[in-house]
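Some notes on the structure that comes next.
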Amino acid sequence: MDSLPLHLLNEILLRADLSSLAMMRSTNRSLRSLISNDPYFKSKYFSQLRSGLLHMATGGSSMLYHHSFGDPRSPRTKDNLMECRILASCSGLLLLYLNGQSLLCVANPFTKKFRFLNHIPRSRTMDSRDPYLNRGDRMYIGFAVDHIDRTTQSFKIVSMKEEHRSHNLWVYEFLINTGGSWGLPKRVTCYPSELDYRMKNPIYLNGSLHWLRKDGSIIVFKPETEEARLIQFKFPEKLSLKTLFASDDKNLVLISATEDVIKVYALENSFTTDPKWVLSRRIRNGVLDKNIRNRWNVEAYDGKYLVLRDYSKDQMVHGYDMTANKWGLMGPGRFYPTLDFILFTPSSSYVIGLDQNDDDMVLHSDDDDKRFSSLSSIMELAIGGLDKFISPEEHVSFG
1 MDSLPLHLLN EILLRADLSS LAMMRSTNRS LRSLISNDPY FKSKYFSQLR SGLLHMATGG
61 SSMLYHHSFG DPRSPRTKDN LMECRILASC SGLLLLYLNG QSLLCVANPF TKKFRFLNHI
121 PRSRTMDSRD PYLNRGDRMY IGFAVDHIDR TTQSFKIVSM KEEHRSHNLW VYEFLINTGG
181 SWGLPKRVTC YPSELDYRMK NPIYLNGSLH WLRKDGSIIV FKPETEEARL IQFKFPEKLS
241 LKTLFASDDK NLVLISATED VIKVYALENS FTTDPKWVLS RRIRNGVLDK NIRNRWNVEA
301 YDGKYLVLRD YSKDQMVHGY DMTANKWGLM GPGRFYPTLD FILFTPSSSY VIGLDQNDDD
361 MVLHSDDDDK RFSSLSSIME LAIGGLDKFI SPEEHVSFG
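Using full-length UniProt numbering, you'd call the opening residue of the sequence shown number 1 and step up by one each time.
See the structure below:
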């Protein structure tokens with residue numbers, strides 16, 4: 001294979017599964033360099049990988065679970081972590097909240113790069129209450145990751161807070177962190193409506209964060225320009241009680257599910273004067289036991305996969321492959337009344353601001369040791385078998 005032209009070699013390797021790549025990497029020095037170190041190959045290969053599914057108890061836990069699509073066995077787990085939450089996932093990065101230390105952390109599990117972030121200064125919030133961010137509330141925390149070029153990313157974290165000034169006047173405040181300090185607050189004033197619980201967390205799409213409200217309107221905030229606006233929409237008729245606000249690669253999406261059918265609505269013409277929800281797909285819901293009606297929910301969607309969880313005795317998690325048009329069993333869930341589900345696909349991109357590694361770590365206490373050990377375990381679990389393709393110099397040791 002060494003004599004093949006590079007474009008042909010890339011084409012062959014991009015079609016190989018992980019096990020085959022691992023074998024070639026371990027037996028051929030030139031292929032090892034291409035697979036492990038070539039930015040173009042890694043970016044292209046990871047862009048076609050399946051998503052994995054991470055979940056843990058809502059509110060925080062010392063245990064994290066990882067499901068692989070197409071693998072019905074029990075999920076892989078990491079326990080004895082410092083109690084934490086995964087607040088969001090975007091373009092191969094994770095936003096973590098460490099409950100015990102009230103710390104935020106942005107991490108790229110594949111490159112093992114990460115950064116701990118400062119708290120929001122209380123003086124910059126609208127009142128003396130703890131900001132939503134310090135309570136780890138996913139609904140109020142936006143995570144934005146942008147591609148500067150094919151192999152480079154940057155990130156922003158946005159904390160949104162709402163204040164009810166009167167019966168007909170609400171104010172939303174936005175604070176931004178780009179990896180350093182928190183900026184000055186930006187505000188938008190609008191008519192009242194509560195945020196919709198069918199939104200697990202705000203959706204980042206086309207350079208803007210989107211918060212869904214109960215009246216169907218959407219708050220849009222663009223971190224780059226720090227501009228906020230309110231767009232009014234009407235919900236599709238007869239949405240089910242089991243509805244999820246999500247997105248695919250191009251559109252905001254509403255998933256409306258019943259025991260028989262799952263409807264996917266895409267928001268079209270969102271930048272015009274006539275935005276509307278359009279039914280784009282129907283999926284037969286053929287995985288639920290008829291004896292567990294109402295004891296299930298739609299948990300996650302990213303345009304490639306749809307995830308359902310039932311609340312029966314076995315707590316099974318089901319995944320629908322949108323490309324193959326078929327359901328698959330992802331294995332049992334866990335017996336928590338509420339769980340946070342995060343779809344995650346690794347990225348090999350360099351991320352501006354994520355430059356911390358083991359050389360920067362100074363362990364002053366047992367808490368520091370626990371924090372770094374927990375972070376290492378989370379990143380290892382998130383990438384699964386992909387650690388075979390990380391060069392030795394890219395690994396981080398927290399010992």
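We treat Cβ as the ideally placed atom computed from N, Cα and C, and that holds for glycine.
Remember, it's a predicted structure, so these values are computed and weren't measured experimentally.
Considering only their Cβ atoms, is the gap separating residue j from residue i smaller than 8 Å?
i: residue 64; j: residue 81; result: yes
i: residue 209; j: residue 221; result: yes
i: residue 402; j: residue 297; result: With the chain covering only 1 through 399, there is no way to say anything about residue 402.
i: residue 203; j: residue 252; result: yes
i: residue 67; j: residue 379; result: no
i: residue 76; j: residue 60; result: no
i: residue 173; j: residue 161; result: yes
i: residue 328; j: residue 69; result: yes
i: residue 198; j: residue 245; result: yes
i: residue 88; j: residue 165; result: no
i: residue 158; j: residue 223; result: yes
i: residue 168; j: residue 191; result: yes
i: residue 303; j: residue 248; result: yes
Can you pull the DSSP bridge partners for residue i?
i: residue 344; result: 52
i: residue 97; result: 85, 104
i: residue 332; result: 316
i: residue 297; result: 309
i: residue 339; result: 57
i: residue 144; result: 156
i: residue 326; result: 321
i: residue 149; result: 152
i: residue 270; result: None; residue 270 has no bridge partner.
i: residue 256; result: 243, 263
i: residue 68; result: 52
Counting C-beta neighbours from all protein chains within 10 Å, is the total for residue i 16 or more, i.e. buried, or is it exposed?
i: residue 269; result: exposed
i: residue 79; result: exposed
i: residue 148; result: exposed
i: residue 263; result: buried
i: residue 340; result: buried
i: residue 234; result: exposed
i: residue 417; result: The structure shown does not extend to residue 417, since the chain is modelled only from 1 through 399, so no value can be given for it.
i: residue 391; result: With a pLDDT of 46 at residue 391, under the threshold of 50, the modelled position of this residue cannot be trusted, and the question is left open.
i: residue 12; result: exposed
i: residue 278; result: exposed
i: residue 347; result: buried
i: residue 261; result: exposed
i: residue 118; result: exposed
i: residue 200; result: buried
i: residue 299; result: buried
i: residue 8; result: exposed
i: residue 417; result: Because the chain is modelled from 1 through 399, residue 417 falls outside the range shown and cannot be assessed.
i: residue 128; result: Confidence is the limiting factor: at residue 128 the pLDDT is only 36, short of 50, which leaves the residue's position unreliable and the question unanswerable from this model.
i: residue 232; result: exposed
i: residue 33; result: exposed
Review point. In chain order, which alpha helix (DSSP H) runs of at least 4 residues are fully inside the segment 154-217?
Key: Counting only runs of 4 or more, we get nothing.
Practice item. Scan the segment 221-254 and note each continuous beta strand (DSSP E) run of 3 residues or more that stays entirely inside, going in chain order. Key: Listed in chain order, the beta strand (DSSP E) runs fully inside the segment 221-254 are 227-231, 242-247, counting runs of at least 3 residues.
Practice item. Check whether the segment 104-111 touches the segment 184-204, taking contact to mean three or more Cβ pairs, one atom from each stretch, closer than 8 Å. Key: The segment 104-111 vs the segment 184-204: no contact.
Review point. On the three-pair Cβ rule with 8 Å, is the segment 344-356 touching the segment 89-98?
Key: Yes: at least three Cβ pairs fall under 8 Å.
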